[in-house]
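Chains as they are written, first to last, in our numbering: chain A, -5 to 146; chain B, 8 to 111.
Glycine included, C-beta positions come from ideal geometry on N, C-alpha and C.
Note sheet for the following structure.
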C-alpha cells in the first residue's frame, strides 16, 4: 500500500513533469534573432527615415509579429520534438507574447530617450541595437519569465 | 485497469514518463529520453510495457531522411493516468483529514 508521503511525492513528480513540458512552449530561437535584427533596423529607420513611415512600419511589424507568433505558438513548442497539449500550454501565451512586445517597445523608447538626454549620438539606433541583441539572445528566456510572472 | 490506483503506472520512472506524455499531444523518443535521463533501451522497454497495456501508441515518422519515433497516450492511458492521480490525491486527502480529526 502506498503511504500518504509516497502519494505526495508521486503527485509532486507528476506536477514537475507537467511544468517541464509546459516550459517547452515558445518560439524557435531563430524567430527571436530575426525579431532582434528587425528591431535594430527599426532603430536605423527611426534615425534616417520619415517619422510617419517609421511609425507605420512599426505598427505593421507589431501586427505581423502578433499574427505569426500566434500561429507558431499553435505548434505549442519551440522545438519540433514535442507538441504540448492545449491544457498544459494554457490559453494565455499569445497575449503574453503581445505584452512582451509592448514592454520591449516601451524599453526601447525609454532607452532612446535616456541616451538622447545623455547627449549620445544616434540614440534610436543605439537603443534599437541594444534591445535587438537582448531579444535575439534572450527572447525565449524573456517569454518564459513573462509566462511565469503572469501565470500563463 | 482504468480509474483508481494503477500499479502499472505507479513506479516512479513510469509515472514520470506517463505524466510527461499526459502534458503533450505527442512527444518524440529523443525528447522523452532527454527529459527522463534514460538510456535508449530502458526507455524502449518502458514504452513497450505501456504500449502492451494499451496506454500509449507509437508511430515511426520519416523526417529529413531519418525515422523518428513518436509516442502519445491513448484515451485509455489518459483515463488510467487521471484515475491514478485522483487516487493519489485521495490518499493524501484522507491522511490530512485523519490528522485534522486527531487534533493537536
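For residue 78/B, the enclosing beta strand (DSSP E) begins and ends at 73 to 80.
Rounded to the nearest angstrom, the Cβ distance from residue 33/B to residue 86/B is 18 Å, too far for a contact under 8 Å. Ranked by how close their Cα comes to the Cα of residue 83/B, the residues 22/B, 58/B, 99/B have 58/B in first place.
In this structure, residue 80/A lies away from residue 42/B, with their beta-carbon atoms at least 9 Å apart. Of all residues in the segment 21 to 44 of chain B, the ones placed with a Cβ closer than 7 Å to any Cβ belonging to chain A are 22, 23, 26, 27, 30, 31, 32, 33, 34, 35, 37, 38, 42, in chain order. Among the residues of chain B, none has a CB under 8 Å from the CB of residue 67/A; the nearest is roughly 14 Å distant. Of all residues in the segment 114 to 134 of chain A, none places a beta-carbon less than 7 Å from a beta-carbon of chain B.
Residue 91/B counts as buried, since no fewer than 16 other beta carbons sit within 10 angstroms of its beta carbon. If you look at residue 14/B, you'll find it isn't in any beta strand (DSSP E); DSSP assigns it neither H nor E. Nearest to residue 125/A by C-alpha distance, out of 50/A, 31/A, 41/A, is 31/A.
Look at the segment 44 to 80 of chain A and you find these whole runs of beta strand (DSSP E), each 3 residues long or longer: 76 to 78.
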